[in-house]
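To convert, note that position 102 of the sequence shown is 102 in the numbering used here; the numbers rise steadily by one, no gaps. Where a beta carbon is used, it is the ideal one built from N, C-alpha and C, also for glycine. Worksheet: the structure to be examined is printed underneath.
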Amino acid sequence: MIISELIVGLGIRRTGVTGYIAGDVLYVLTRKHPSFEYAALVRSESSAARVREVYPDVRVVLGSLDDADLLKREAAWADLVLHAADASDHEGAARAIAAGLVEGHSESWPGYWLHTGGTGIFTYFDTVENRFGEPSDRIFDDLDGVEVLTSLPDEAFHRNVDKVVLECGTVHADTVRTAIVCPPTIYGDGRGPISARSRQCYEMAKVILTKRHVPIIGTGLATMDNVNIRDLTQAYLLLIEAALGGNANPEIWGARGYHVTSTGEHVWGQLARTMAAKAQEMGLLKGDGDTKEYQMGKEEAFELAGFEAMSWGLNSRCRGRRLNKALGWKAEHPSLNDEVPGILRSEARRLRLL
Numbered sequence: 001m002i003i004s005e006l007i008v009g010l011g012i013r014r015t016g017v018t019g020y021i022a023g024d025v026l027y028v029l030t031r032k033h034p035s036f037e038y039a040a041l042v043r044s045e046s047s048a049a050r051v052r053e054v055y056p057d058v059r060v061v062l063g064s065l066d067d068a069d070l071l072k073r074e075a076a077w078a079d080l081v082l083h084a085a086d087a088s089d090h091e092g093a094a095r096a097i098a099a100g101l102v103e104g105h106s107e108s109w110p111g112y113w114l115h116t117g118g119t120g121i122f123t124y125f126d127t128v129e130n131r132f133g134e135p136s137d138r139i140f141d142d143l144d145g146v147e148v149l150t151s152l153p154d155e156a157f158h159r160n161v162d163k164v165v166l167e168c169g170t171v172h173a174d175t176v177r178t179a180i181v182c183p184p185t186i187y188g189d190g191r192g193p194i195s196a197r198s199r200q201c202y203e204m205a206k207v208i209l210t211k212r213h214v215p216i217i218g219t220g221l222a223t224m225d226n227v228n229i230r231d232l233t234q235a236y237l238l239l240i241e242a243a244l245g246g247n248a249n250p251e252i253w254g255a256r257g258y259h260v261t262s263t264g265e266h267v268w269g270q271l272a273r274t275m276a277a278k279a280q281e282m283g284l285l286k287g288d289g290d291t292k293e294y295q296m297g298k299e300e301a302f303e304l305a306g307f308e309a310m311s312w313g314l315n316s317r318c319r320g321r322r323l324n325k326a327l328g329w330k331a332e333h334p335s336l337n338d339e340v341p342g343i344l345r346s347e348a349r350r351l352r353l354l
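Below, the structure is given as structure tokens:
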């Protein structure tokens, strides 16, 4: 039986362990299931040394996402692959993982693939409708409207990689069970061995703390979903434990296995104002004068802080209900608004302002 074999020993292949998402998942997973056999893809020897120091029982695999043969071989070995290293945009890596899982598994011994996508895919409609820094009332739904999410236009951000995963999980449904985990804006301190910092909200905090600007894109009314890193990790853990049980529920895996992990929603302009006010209240703004609202367009935002700043003018709204219905997943950790002081404090420490 798959269940008994998986309990005896599970070979888990992980990419992105030095990063924010996979690092946090590994932290929880190795504590809850210390007897499993883990392999982690790491790109540099210096990072590998740190991973070995923290996780001496994890088998470190040196390589990159461009090492297709390596990825294929490791995916064939693994019972479960969690892919979170530039997962949503590296098509070659996704194809190698798919090939390895198909080659290494069978109907009697299926492989599982937890692929990390991203709700940036939903910003496609802002692009085609030439909307930037403006609100949108388009809200997706991963439960009743999952077919919309799995058939977005090919030009949409991340869509090329989503298609590789969906094809693998449908054409080879008997041997490979796939689930796309689609996080929105992530916040909170990670517990990984190297990277503990997210990007969008933390880059905003950096701008406020160092430039005293309150960045407002357009009207400031663009809206995105969000999730606490620890709630996101719990979503992965629930899916992993479903795999341990040999779960084959078509509402979780394959053609309908598209899980948006959103637990809250924020308006970018309002978040910037809240951050600035809280930074002043906490005494984190050095020098004279108050913060000032600074309006900018797409090009200026990109020059300020790359795509993270551009995202402050984009809409990405989706109700994540599928995992709640299938596995009981729900928010248990502080909201983004409650976490603002922590974001500011951690960024101030990183910038050596504290």
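Practice item. Evaluate Trp-268 with the Cβ neighbour count: other Cβ atoms within 10 Å of its Cβ, from every protein chain shown; 16 or more gives buried, anything less gives exposed. Key: buried
Subject >> Segment limits, beta strand (DSSP E) that includes Trp-113 >> reply: Trp-113 -> beta strand (DSSP E) spans 111-116.
Kindly confirm or deny that the region 251-261 and the region 201-219 touch, where touching means at least three C-beta pairs closer than 8 Å. no
Sheet register partners of Thr-178 (DSSP bridge):
Trp-113
Between Gly-100, Ser-64, Ala-205, which has its C-alpha nearest Arg-349's C-alpha? The residue with the shortest Cα to Cα distance from Arg-349 is Ala-205.
ask   = Can you tell me the Cα-Cα spacing of Val-340 and Pro-193, whole angstroms?
value = 23 Å
| query | Quick one: is Ser-198 buried, meaning 16 or more other Cβ sit within 10 Å of its Cβ, or exposed? | reply | With 16 or more other Cβ atoms within 10 Å, it is buried.
* Would you give the residue range spanned by the beta strand (DSSP E) that Arg-256 belongs to? => Unbroken run through Arg-256: none, as it is neither H nor E.
Item to check | Short Cβ contact (8 Å threshold) for Asp-142 with Cys-318 | outcome: yes
### Task
Look at the alpha carbon of His-33 and the alpha carbon of Ala-84, and state the distance between them as a whole number of angstroms.
20 Å
List the whole-angstrom C-beta distance separating Leu-114 from Leu-82, where the pair is believed to meet the contact cut-off of C-beta under 8 Å. 5 Å
**Same chain, Cβ closer than 8 Å to Phe-140, neighbours up to 5 away in sequence not counted** = Listed in chain order, the non-local C-beta contacts of Phe-140 below 8 Å within the same chain comprise Phe-122, Val-148, Leu-149, Val-260, Arg-317, Cys-318, Arg-319, local neighbours out to five positions each way being set aside.
Legend entry - Beta-carbon separation (whole angstroms), Gly-104 vs Gly-111, contact threshold 8 Å: 6 Å
Can you grab the Cα-Cα spacing for the pair Arg-230 / Arg-321, in whole Å?
-> Distance from the CA of Arg-230 to the CA of Arg-321, rounded to the nearest whole angstrom, comes to 18 Å.
Residues bridged to Gln-295 by DSSP? Answer is Ile-216, bridged to Gln-295.
Worksheet item: Can Leu-41 and Gly-23 be called in contact, C-beta distance under 8 Å?
Response: no
message = Taking only three categories from DSSP, how would you classify Arg-59?
response = strand
- Stretch pair the region 126-137 + the region 309-316: three plus CB contacts closer than 8 Å: yes
query: First and last residue of the alpha helix (DSSP H) that includes Asp-225?
result: Run containing Asp-225: none in the alpha helix (DSSP H); it sits in the beta strand (DSSP E), 223-228.
Using CA coordinates, which residue listed in Ala-173, Leu-351, Phe-125 is at the minimum distance from Leu-284?
Leu-351
Using C-beta distances below 7 Å, list every residue in its chain close to Gly-257, excluding the 5 sequence neighbours before and after it, in chain order.
Contacts found: Gly-169, Thr-178, Ala-179, Ile-180.
**Asked** Helix, strand or coil: which one does DSSP assign to Ile-3?
**Response** Legend: pLDDT at Ile-3 = 26, less than 50; position of this residue unreliable, value from coordinates given subsequently. Looking at Ile-3 - three-state DSSP - the assignment turns out to be helix.
Taking the runs of the beta strand (DSSP E) that are 3 residues or longer, which of them lie wholly in the region 291-354? The region 291-354 contains these whole beta strand (DSSP E) runs: 292-296.
Q. From Val-51 to Gly-218, what does the alpha carbon distance come to, in whole angstroms?
A. Cα-Cα distance, rounded: 43 Å.
If you count every other CB in all the chains shown that lies within 10 Å of the CB of Ile-21, and 16 or more means buried, which is it?
buried
### Beta-carbon proximity list for Asn-324, same chain, < 8 Å, skipping 5 on both sides
Lys-330
Let me know if Ala-98 comes out buried or exposed under the rule of 16 or more other beta-carbons within 10 Å of its beta-carbon. buried
Self-check item: Residues near Val-8 in its chain [Cβ-Cβ closer than 6 Å; skip 5 each side]
Solution: In this prediction, Val-8 scores a pLDDT of 32, lower than 50, which makes its location untrustworthy; no coordinate-derived value is stated.
Requested in this report: Alpha carbon to alpha carbon, how far is His-90 from Tyr-236? Give it in angstroms, no decimals.
Outcome: 20 Å
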